[in-house]
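Start counting the sequence shown at 1; every next residue gets the next number (UniProt numbering).
Glycine included, each C-beta is placed from N, C-alpha and C at the ideal position.
Below you'll find the structure, written out as structure tokens, and then a few comments.
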Amino acid sequence: MDASEAWATVLINSDNDLVVLAKALSRLIGWTYFCCWSFSFYPQLWKNYQRKAVTGLSVDFATVNVFGFAFYTIYTTLLLLSPTIRAQYAARHPLSPEPTVRWNDFAFGVHALLLSFICWTQLYFWGYTRSSKQVLSVTMRGIIVGCFAAVGLVATFAWAELPGWELLDVVYAFSYAKLAITVVKYTPQAYINYKRQSTVGWSIHNILFDLAGGILSLAQLLLDSSMNGDWSGVTGNPVKFWLGLTTLGYDGLFCVQHYILYKGRAGVVLEGEGDDSSDSDDGDSVVQSYGTSGKKKAADLESGEGRAAIGPTGSSSSSSNPESSPLLKNKA
């Protein structure tokens, strides 16, 4: 073996080592983003459990999340496990025949679907404090129906074997339905925070984990596409790409709301401020009122801490009898 052949062998071995390293890094990034995105569901569940209330949480967000992750789970399952779908994908993307869907994508979808469903049940079946006006909006109902209609239409075209339509397009339809839901699902929550001028009831830890997961998800997708030497891996997995970008945008907005715009109002909901589905003064909304024990209890749940003891008549004991106030006694 002459020097040129030896040098070529070294380069080939070096390239192989880089490929192995890149694949290992991709797996590490993938499972790290799986952990971040998976952990992002728990803070909201725990906050609801601690407060025994779901005020401040958008019903629209919690509901469409279930459908969105159901679509995403179907999408990842078929691209990962269906030989027919994978063959059609390879035929459509000859330069990058391997789908950029990984086992961590599948695991995340299943886990997210389960946790989203549990969060949805907290709205209706756990007996938590909830405004009677916290209902699914007509707009979100229309979006859900529209997603099912679009997927059904594409499935009909594929089943009828119309030219240019195949089962892979049905899988893509599920992914686009998930993407559509992701684009709109955060909007009601952002609007609720704006209307209430507060992020109380909405877990910021959820957002921080979500933000980290979005960054890592995009990093894995770009790394996998670069390893394949074909950036059609990004267009071949559009839902993962746009999910990551959408996540970064909305999470940035929520961080601004929580840490900048409404930072001074954390834990405070003033009288007359409604939540996502309660914008009235008839007692449906959670208020800081000392007139009745029911409203005081709701205010304590909203703020997460008590303020003044409630007497048996429902009025504040500190206001009805100043001398009985523990604070005044201590000062005395």
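In the DSSP assignment, residue 43 falls within the alpha helix (DSSP H) that extends over 42 to 51.
Assignment of beta-bridge partners to residue 129 by DSSP yields 53. In the DSSP assignment, residue 200 falls outside any alpha helix (DSSP H), carrying neither H nor E. Taking the Cα of residue 188 as reference, the smallest distance to any Cα among 137, 226, 261 and 208 is reached at 137. In terms of Cβ geometry, residue 36 and residue 212 form a close pair [threshold 7 Å]. Rounded to the nearest whole angstrom, the C-alpha separation of residue 186 and residue 116 is 14 Å. Counting only the Cα atoms, residue 254 lies some 8 Å from residue 204. Taken through DSSP and simplified to helix, strand or coil, residue 136 comes out as coil. Under the 10 Å beta carbon count, residue 153 is surrounded by fewer than 16 other beta carbons and is classified as exposed. Within the same chain, 104 come within 6 Å of residue 31 by CB-CB distance, once the 5 residues on both sides are set aside.
CA-CA distance, residue 91 to residue 83, rounds to 12 Å. Straight through space, the alpha carbons of residue 173 and residue 53 are spaced by roughly 36 Å. In terms of CA proximity to residue 77, 99 leads the group 23, 27 and 99. Short of 6 Å from the beta carbon of residue 22, and not among the five residues preceding or following it, lie these beta carbons of its own chain, in chain order: 227.
In this structure, 45 is the residue among 258, 28, 259 and 45 with its C-alpha nearest to the C-alpha of residue 121.
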